[in-house]
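Novice: Protein sequences, first through last, are from chains A and B. Take the first sequence: its position 30, counted from the start at 1, is 30 in this note's numbering, and no numbers get skipped. Numbering-wise, this note's numbering comes out as the position in the second sequence, counting from 1, plus 1000. For glycine and all other residues, C-beta sits at the position ideal for the given N, C-alpha and C. Fair warning: this is a prediction, and the values are worked out from it, not measured in the lab.
Protein chains: 2
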Amino acid sequence: MSHPLDTTFAALADPTRRAILSMLLEDDMAVTDVAEPFEMSLAAVSKHLGILTKAGLISQEKRGRVKWCKLEPDALKGASVWMQGFGQFEELDMDAFERFLETELEG
Amino acid sequence: MSHPLDTTFAALADPTRRAILSMLLEDDMAVTDVAEPFEMSLAAVSKHLGILTKAGLISQEKRGRVKWCKLEPDALKGASVWMQGFGQFEELDMDAFERFLETELEG
DNA sequence: CGCATATTCAACCATTTGGTTGACGATTAT
DNA sequence: ATAATCGTCAACCAAATGGTTGAATATGCG
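Printed below as a string of C-alpha cells:
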C-alpha cells in the first residue's frame, strides 16, 4: 500500500480534479453538475470523483438518485504539513523534524 | 503542455522523490550519494532527479565529474498558494526558510 | 407500469510511469 | 595510458493512468 501523501499529491496532479475541487469550494454539487463544464464523458468525471474520494479530498453522499459531492479540505492537511516542512522552520521542533525525515525515508 | 501545478504535484506524488527532497534539506548532494539509500538502480534515481529538476524543485550543477543536486524550495510556492485557497492552511514562509538555511543549517 | 434521469460498471485503448539492464561519454586517479 | 568513477542514454518491460463506449443499476415521474 502506498503512503497517504502519494494519494493526495497524485489526486492533485490532474487539472480536471483540481478544477473540480475549486468548483466544490462554492457549494456541494451533484455528479452530473460537476461534469457539465468538462469536455469529457460523465464516466470519466465519475472516475475522477472516485479518485478524489479515495484521497479523502471529497465525500459523496447519495440522496435519492442524486449523489452529492462535498469538499473535504481537511484532507489537504497532511500535504500542507509536509510542505510546511520546507518553509516554517522557526516553529519547528528539530527533534520532531529529524523523526519526520526518518519516517519519510522509510516510507 | 501541462500546467505547472500538474508537474509540481506529480513530482511530489512519489515517495522516492519526496524522500530525496527531504534529504536535500540538510545539504546539497551528489547524484551517487542521493541514490545510495535507495534499493533501486542509479539510473532510476537519476530519472527521479530529472523529474524533480523539470518541476524546478531541485537544480543540478556539474562540477568536475560530480553533479550536485540542490533543493529549490521556491518551486513549492505555486502549490502552496493553490492549497491556501482551500482554507486554513498557511502559505509557506519562504523568507523564514531562507533564514533557516543560513542560520540553523549552515551554522 | 413504463420511461427518463443519475450514476456506475466493464471492457477496451493509448499513453505515461517507474523500473530494469547494458553501453556509453566524461572526468579523475594510478 | 589504463583503469576506475560519475552519471546519462537507449531500449525494453509491466503496471498505472486517463480516456472512450455501451450496458447495467437505481431512483423518480406521469
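Counting only runs that start and end within the stretch 35–59 of chain A, where is the alpha helix (DSSP H) found for 4 or more residues in a row?
Specialist: Complete alpha helix (DSSP H) runs here, min 4: 42–54.
Novice: Apart from the five residues on each side of it in sequence, which residues of its chain come closer than 8 Å, Cβ to Cβ, to Lys67 of chain A?
Specialist: What you label residue 67 of chain A is simply residue 67 of the first sequence in a count that begins at 1. Excluding sequence neighbours, Lys67 of chain A sits near Ala30, Val31, Gln60 and Glu61.
Novice: Please list the residues of the stretch 18–42 of chain A that have a C-beta atom closer than 9 Å to any C-beta atom in chain B, keeping them in chain order.
Specialist: Residues passing the 9 Å Cβ filter: Arg18, Leu21, Ser22 and Leu25.
Novice: Quick one, are the C-beta atoms of Leu974 of chain B and Leu1024 of chain B less than 8 Å apart?
Specialist: Only positions 1001 to 1107 of chain B appear in this structure, which leaves residue 974 of chain B out of reach.
Novice: Go through its chain and collect everything with a Cβ distance to Gly1078 of chain B's Cβ below 7 Å, but skip five positions before and after it.
Specialist: The sequence position of residue 1078 of chain B within the second sequence is 78, counting from 1. Excluding residues within five positions, the ones whose Cβ falls inside 7 Å are Pro1004, Leu1005 and Thr1008.
Novice: Which residues in the same chain as Trp1082 of chain B place their Cβ atom closer than 7 Å to its Cβ, once the five residues preceding and following it in sequence are excluded?
Specialist: The residue labelled residue 1082 of chain B in the question sits at position 82 within the second sequence. Leu1005, listed in sequence order.
Novice: With DSSP as the reference, label Arg65 of chain A as helix, strand or coil.
Specialist: Numbered from 1 along the first sequence, position 65 holds the residue referred to as residue 65 of chain A. The answer is coil: DSSP assigns Arg65 of chain A none of H, G, I, E or B.
Novice: So, with DSSP's three-state summary, where would you put Glu1030 of chain B?
Specialist: The residue labelled residue 1030 of chain B in the question sits at position 30 within the second sequence. The identity of residue 1030 of chain B in the sequence shown is Ala, whereas the question assumes Glu. Strand, per DSSP.
Novice: Do you know how far the Cα of Ser1046 of chain B is from the Cα of Glu1039 of chain B?
Specialist: Working through the second sequence from its first residue, we reach residue 1039 of chain B at position 39. Working through the second sequence from its first residue, we reach residue 1046 of chain B at position 46. Distance between the alpha carbons of Glu1039 of chain B and Ser1046 of chain B: 13 Å.
Novice: Taking any Cβ of chain B, which residues in the stretch 47–74 of chain A have a Cβ under 8 Å from it, in chain order?
Specialist: Going along the stretch 47–74 of chain A in chain order, one finds Leu71 and Pro73 with a Cβ nearer than 8 Å to chain B.
Novice: Would Arg1063 of chain B be called buried (16 or more neighbouring beta carbons within 10 Å of its own) or exposed?
Specialist: Numbered from its first residue, the second sequence carries residue 1063 of chain B at position 63. It counts as exposed.
Novice: Taking 8 Å as the threshold (C-beta atoms), are Ala10 of chain A and Ala1013 of chain B in contact?
Specialist: Numbered from its first residue, the second sequence carries residue 1013 of chain B at position 13. Numbered from its first residue, the first sequence carries residue 10 of chain A at position 10. Contact: yes.
Novice: Pick from A:Ser2, A:Asp74 and A:Leu52: whose alpha carbon is nearest that of Thr16 of chain A?
Specialist: What you label residue 16 of chain A is simply residue 16 of the first sequence in a count that begins at 1. It is A:Leu52.
Novice: In chain A, which residues lie less than 8 Å from Ala1010 of chain B when you measure between Cβ atoms?
Specialist: Locating residue 1010 of chain B in the second sequence gives position 10, where the first residue counts as 1. In chain order: Phe9, Ala10 and Ala13.
Novice: Of all Cβ atoms in chain B, is any one closer than 8 Å to the Cβ of Ala79 of chain A?
Specialist: Indexing the first sequence from 1 puts residue 79 of chain A at position 79. For Ala79 of chain A, the answer is yes, since a Cβ of chain B falls inside 8 Å of its Cβ.
Novice: Give me the Cα-Cα distance between Pro1037 of chain B and Glu36 of chain A, rounded to the nearest whole angstrom.
Specialist: Against the second sequence, residue 1037 of chain B aligns to sequence position 37. Against the first sequence, residue 36 of chain A aligns to sequence position 36. The alpha-carbon atoms of Pro1037 of chain B and Glu36 of chain A are separated by roughly 47 Å.
Novice: Do you know how far the Cα of His1048 of chain B is from the Cα of Lys1054 of chain B?
Specialist: To locate residue 1054 of chain B, count along the second sequence from 1; it is residue 54. To locate residue 1048 of chain B, count along the second sequence from 1; it is residue 48. C-alpha separation (whole angstroms): 10 Å.
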